[in-house]
Amino acid sequence: MKLIILATFVACAFGAPHRMVLPRLPVSVILTGKFQFVPEDKIVGGAEVVPNSLPFVVSLQRKFLTLSTHACAGTILDEKTILTAAHCLDYDNATIFRVVAGEHSFLNESGMEHNSNVDSYLMHPDYSPITLENDIALIYLSGPLNVLPFNEAVQPINLALTGTADPEPGLSVTVAGWGTTSASGDRSDVLLSVDIPVVSDEDCNAAYSGEYNTDPVKPSMMCAGGAPGGLDACQGDSGGPLFVLPADGNVANVQQLGIVSWGRGCGLADYPGVYTQLSYYLEWINQNMVPA
């Protein structure tokens, strides 16, 4: 998902940028145990996944009366805890959110969906809505996901280990979500994914050097995508996972490396997407898996 950061807002921290940088919030407010593509269509430049082949991805939705609308993505850590981006929550009341696990299409229910209300959430205490540092949060569900033991449509994800070396530039990683397929396009009604390469922090900061008076990509962030453009997360994908697929495609061995956080537009050449790097936050996550 992407929240729009106004130029005057960002200027407070970085000095006046000449372009607008967006967190990945929307403008409006997967059966085989193997990851597979449906061989057509578009996140930006991506493809629809086979339903429920990414069973760790959830839709975070905002409720309005009897309706709800997709706002962000997230990932399942256990039966009561969801991982997402702090900017998805924006200090709002927990009761306006619900989490849908086992979701694939917003238009066609499969019977695999599981709706859960949100009891509370915890944003990282050092989260900055200006710089988007520490853009990470835990959502606590009002009750456990009623699919225990986990089934093929609803499963937790593995996280990168504390102290893990930064991913090598060029490593192929995958990002998934229901976000728009262009910066000004419509939200996808089905879960999409795209493969993109990891970009070094040095190259990523160089890409954004014209935007700020200081390096915006901090050690607790990582980048992926960029040149030649056309492949990226976009608005509505915030909070979703950046992950590595095992060679055998077994989703039980997927490892999440990052959380969709922010970027310049969507899929623009030479502008990588920026992600919260999870290896920096394992201790915080483990300490807070159960709400205080």
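Quick note: the sequence shown uses UniProt numbering, first residue 1, plus one each step.
Think of the CB as a built atom: it goes at the ideal place given N, C-alpha and C, for glycine as much as any other residue.
On a predicted model such as this, the values are computed, not experimentally measured, just so you know.
- Judged by DSSP in its simplified three-state form, Q277 adopts strand.
- Per the DSSP secondary-structure output, P272 pairs in a beta bridge with G225.
- Around the beta-carbon of P125, fewer than 16 other beta-carbon atoms lie within 10 Å, marking it exposed.
- Per the coordinates, the alpha-carbon of P167 lies some 20 angstroms from the alpha-carbon of P228.
- Just so you know, the alpha carbons of L77 and V251 end up roughly 14 angstroms apart.
- The Cβ atoms of V198 and G170 lie closer than 8 angstroms to each other.
- The distance from the Cβ of L138 to that of W262 is about 19 angstroms, inconsistent with a contact at the 8 angstroms cut-off.
- Restricted to the segment 65–130, the beta strand (DSSP E) segments that are unbroken, complete and at least 3 residues in length are 67–78, 81–84, 97–101 and 114–123, listed in chain order.
- Of the residues V244, T69, W284 and K80, the one whose Cα lies closest to the Cα of S220 is W284.
- When G143, S53 and T95 are compared, the shortest CA-CA separation from I157 is found for S53.
- Taking each of D186, S68, N117 and T81 in turn and checking the Cα distance to D237, the smallest one comes out for D186.
- Taking each of V58, E211 and V154 in turn and checking the Cα distance to A85, the smallest one comes out for V58.
- Around the Cβ of G111, a 10 Å sphere holds fewer than 16 other Cβ atoms; the residue is exposed.
- L257 is a Cβ neighbour of L278, given a cutoff of 8 angstroms.
- DSSP lists T174 as the beta-bridge partner residues of D195.
- Secondary structure at V49: strand, using DSSP grouped into helix, strand and coil.
- Looking at the DSSP output, A137 shares a beta bridge with T84 and M123.
- Spatial neighbours of G46 in its own chain (CB-CB distance under 6 angstroms, excluding positions within 5 residues in sequence) are listed in chain order as L192, S193 and V194.
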